[in-house]
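Shown next, in structure tokens, is the structure this report addresses.
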Amino acid sequence: MIPYGRQSLDEDDIAAVVQALRSDWLTTGPEIEAFEKAFVGIAGSSHAVAVSSGTAALHAAMFALDVKPGDEVIVPAFTFAATANCVVFQGATPVFCDVDPSSLLVSPAEVESKITSRTRAILSVDYAGQPCDYDELRVLADRNGLALVADACHALGAAYKGRPAGSLADLTAFSFHPVKHMTTGEGGMITTNDPDLAARMRSFRNHGIQTDLHQRAKAGTWQYEMTELGYNYRLTDIQCALGRSQLRKLPGWVDRRREIARRFDSAFEGLDGVTPLQTRPERTHSYHLYVIQVDPKVVDRGAVFGRLRASGVGANVHYMPVHLHPFYRERFGTGPGLCPTAEAAYELVLSLPIFPALSREQEQVVIESVRSAVGK
Ligand SMILES: *Cc1c(COP(=O)(O)O)cnc(C)c1O
0 MIPYGRQSLD
10 EDDIAAVVQA
20 LRSDWLTTGP
30 EIEAFEKAFV
40 GIAGSSHAVA
50 VSSGTAALHA
60 AMFALDVKPG
70 DEVIVPAFTF
80 AATANCVVFQ
90 GATPVFCDVD
100 PSSLLVSPAE
110 VESKITSRTR
120 AILSVDYAGQ
130 PCDYDELRVL
140 ADRNGLALVA
150 DACHALGAAY
160 KGRPAGSLAD
170 LTAFSFHPVK
180 HMTTGEGGMI
190 TTNDPDLAAR
200 MRSFRNHGIQ
210 TDLHQRAKAG
220 TWQYEMTELG
230 YNYRLTDIQC
240 ALGRSQLRKL
250 PGWVDRRREI
260 ARRFDSAFEG
270 LDGVTPLQTR
280 PERTHSYHLY
290 VIQVDPKVVD
300 RGAVFGRLRA
310 SGVGANVHYM
320 PVHLHPFYRE
330 RFGTGPGLCP
340 TAEAAYELVL
350 SLPIFPALSR
360 EQEQVVIESV
370 RSAVGK
């Protein structure tokens with residue numbers, strides 16, 4: 000089965016990990032800062048804070064903004080559950096907003112319609128790897144005194160009007176899960192230009208303690224104080240060594256994803272029943288996912304899914320809208336009808352395999368399988 004996504008790991012990645020294993024510091028050591036420093040070069044931000052997952056990155060962002068019970072954060076319904084969960088971690092309320100039917104990105108008008116006196120932040124999602132309308136979202140955030148947070152777990156290596164993902168919002172979260180653009184096994188990063196927010200997140204990932212063991216060793220002191228309630232969300236030096244090695248190859252991998260997407264686009268052009276997601280002008284899509292919408296008037300999505308799987312193509316569905324999950328229905332009383340476009344899209348979407356190591360032969364298998372699955 001060709002999976003919808005998978006990691007690329009070379010001998011130099013393995014060597015970097017082995018070197019970290021032989022070093023004095025398995026965690027809280029120098030590899031963390033080295034990885035963060037390298038990351039800002041890609042993300043275009045002044046600061047990057049490495050954490051243990053993309054979910055921890057989102058949680059850290061909500062914590063740094065002091066999102067608390069009674070607050071609302073606007074979240075697109077069409078995303079992975081963690082985007083909304085981070086709001087709930089802080090005791091606040093996610094307010095689900097609908098997406099644009101052709102790109103499945105949040106529409107600024109929808110976001111605006113959800114702003115109330117309790118809104119603290121807008122959390123955008125660069126679905127599939129395409130940046131949202133950041134100029135419009137920025138205006139909305141500034142006009143209403145809100146923070147703008149980007150869940151860019153799909154969009155590492157993407158850009159909007161020449162500005163990289165990681166520099167488009169006040170805080171941006173990334174994931175290094177193996178299906179994402181690069182991996183540390185598990186891992187995440189938050190970028191920001193605000194030194195105070197960066198400092199709060201560094202403390203947050205380390206129990207709410209300002210200094211780490213490495214810094215205390217250097218300063219020759221044992222003394223530390225916990226000033227707020229944090230977590231252990233640290234990324235190890237072993238993982239950061241892998242991340243730094245992977246990061247060097249990221250630009251080439253993003254180019255590969257874009258190249259595969261271009262060939263899928265032209266193969267599916269004019270294919271009845273299949274519509275790739277709309278790509279918007281002035282942005283560089285980094286294609287974490289290649290998503291098509293299946294026209295139910297031509298062919299049933301479930302049937303296409305089954306036929307693809309039968310021919311060895313591991314198609315997938317991203318995502319069930321978050322407000323339809325039992326947890327959200329029970330805790331917040333959400334349900335069908337709240338975000339009709341997201342709910343409709345859930346019935347139509349399929350993610351096709353896309354990852355740097357996908358061969359030309361495998362690409363052809365995907366294309367031919369889609370054609371025959373829709374009866375062409
Ligand atoms: C992968 C992902 C996350 C969570 O990342 P983890 O590293 O798995 O915790 C959050 N949001 C979106 C949109 C994602 O795709």
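Residue numbers for the sequence shown follow numbering that gives the first Met the number 0, beginning at 0 and rising by one. Ideal placement from N, C-alpha and C gives every residue a C-beta, glycine not left out. Everything numeric in this text was worked out from a predicted model, so none of it was measured.
query                                                                                                         : result
Coarse secondary structure for Met-61, derived from DSSP in three states                                      : helix
Any non-hydrogen atom of ligand 1 within 7 Å of Cys-96 CB                                                     : no
Where Phe-77 falls: helix, strand or coil (DSSP)                                                              : coil
Integer-rounded CB distance, given that Ala-314 should sit under 8 Å from Ser-350                             : 6 Å
Cβ-heavy atom distance, Ala-127 to ligand 1, below 7 Å                                                        : no
8 Å CB neighbourhood of Gln-361 in its chain, flanking five on each side removed                              : Ile-1, Pro-352
For Asp-195, three-class secondary structure by DSSP                                                          : helix
Outcome for Ile-13 when other beta-carbon atoms lying within 10 angstroms are tallied against a minimum of 16 : exposed
Spatial distance of Gly-229 from Ala-63 (CA atoms)                                                            : 11 Å
Gly-53: CB within 7 Å of a non-hydrogen atom of ligand 1                                                      : yes
Element boundaries [alpha helix (DSSP H), containing Gln-245]                                                 : 236 to 246
Residue span of the beta strand (DSSP E) that contains Phe-173, given as start and end                        : 170 to 174
Under 8 Å between C-beta atoms of Pro-355 and Arg-256                                                         : yes
Whole-angstrom distance between Thr-278 and Val-94, CA atom to CA atom                                        : 26 Å
Beta-carbon proximity check, Ala-343 vs Ala-76, cutoff 8 Å                                                    : no
Cα-Cα separation between Ala-394 and Pro-100, rounded to whole angstroms                                      : Because the chain is modelled from 0 through 375, residue 394 falls outside the range shown and cannot be assessed.
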